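Protein chains in written order, with the numbering used here: chain A, 28 to 141; chain B, 58 to 174. Note that beta-carbon positions come from the ideal geometry of N, C-alpha and C, so glycine has one too. Keep in mind it's a predicted model, so treat the numbers as computed, not measured.
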Amino acid sequence: ETGVTQSPTHLIKTRGQQVTLRCSSQSGHNTVSWYQQALGQGPQFIFQYYREEENGRGNFPPRFSGLQFPNYSSELNVNALELDDSALYLCASSPRHPAGETQYFGPGTRLLVL
Amino acid sequence: AQTVTQSQPEMSVQEAETVTLSCTYDTSESDYYLFWYKQPPSRQMILVIRQEAYKQQNATENRFSVNFQKAAKSFSLKISDSQLGDAAMYFCAYNAYSGAGSYQLTFGKGTKLSVIP
């Protein structure tokens, strides 16, 4: 059984640019959540996707957006990058919706904004 | 809003000894889940143990066990027979229905556990 995978592992961007991060959910999981983890902090919930629709959002501005595809994989897009967007971005998948049960995490994408 | 507090930024334990990590949370919900996740320097967040709030029995998973005190909103993790591989950042997390159609995990700030050989 393949776990949650994310790409790329590392990324460097400059302020004002746009970035797309990708996540493949664990086999059989239909719900994907994205989290931002700043250095030395716990992860913060960005949003969750189910049936290709956003299904819950944390306290993040609209320049954070996402997609979910029919195969349950997902993308996180961030526009107009700011220095504070530098963080580890974690994707987590869950076996069913609503995702009250365990969320399984990928290895993350480390984004550095210069 | 739900909050999760881990009051111990750092802890250390001698190899083969027992250590307890503390976590408290604040919620008005009656139905929720609690988790401990481990994040080694490799940064992959790994599930250690989970507890359903409706279950009175404390969860155990091999050397890992929890002390769940629902009235006190406390959820501590006990690691027995500590091993060098247990060294990591440990996050306590709370999961409940957000009212917007989703469950979202709320994490504490973490406790960095060092294991001394």
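{"query": "I want to see whether chain A comes within less than 8 Å of Q114(B), judged by CB atoms only; does it?", "result": "no"}
{"query": "Starting from the Cα of I136(B), find the closest Cα among P66(B), W93(B) and S155(B) and give me that residue.", "result": "W93(B)"}
{"query": "Give, in chain order, every residue of the region 89 to 121 of chain A whose Cβ lies closer than 7 Å to some Cβ of chain B.", "result": "L115 and L117"}
{"query": "Taking the C-alpha atoms as reference points, what is the distance between D112(A) and N104(A)?", "result": "12 Å"}
{"query": "Under 6 Å Cβ to Cβ from K95(B), same chain only, skipping five residues before and after it: list those, please.", "result": "I103, V105, A145 and Y147"}
{"query": "Taking 7 Å as the limit between beta carbons, can you name the residues of its chain near S15(A), skipping five residues before and five after?", "result": "The displayed coordinates of chain A run from 28 to 141. Any statement about residue 15(A) would go beyond what the structure contains."}
{"query": "Taking the beta carbon of A73(B) as the centre, do at least 16 other beta carbons fall within 10 Å, making it buried, or is it exposed?", "result": "exposed"}
{"query": "CA-CA distance, E81(A) and L94(A)?", "result": "8 Å"}
{"query": "How long is the line joining the alpha carbons of L138(A) and Y116(A), rounded to whole angstroms?", "result": "7 Å"}
{"query": "Going by other Cβ atoms of all chains shown within 10 Å of its Cβ, with 16 needed for buried, is S51(A) buried or exposed?", "result": "buried"}
{"query": "Determine the chain A residues that contact Q161(B) at a beta-carbon separation under 8 Å, and present them in chain order.", "result": "S60, F72, Q75, G83 and G85"}
{"query": "How big is the Cα-Cα spacing for N115(B) and L66(A)?", "result": "32 Å"}
{"query": "I'd like the ranges of any alpha helix (DSSP H) spanning at least 4 consecutive residues and lying wholly in the region 30 to 70 of chain A.", "result": "none"}
{"query": "So which of V172(B), A153(B) and T163(B) has the shortest CA-CA distance to G69(A)?", "result": "T163(B)"}
{"query": "Check for me: the beta strand (DSSP E) holding E109(B) runs from which residue to which?", "result": "I103 to E109"}
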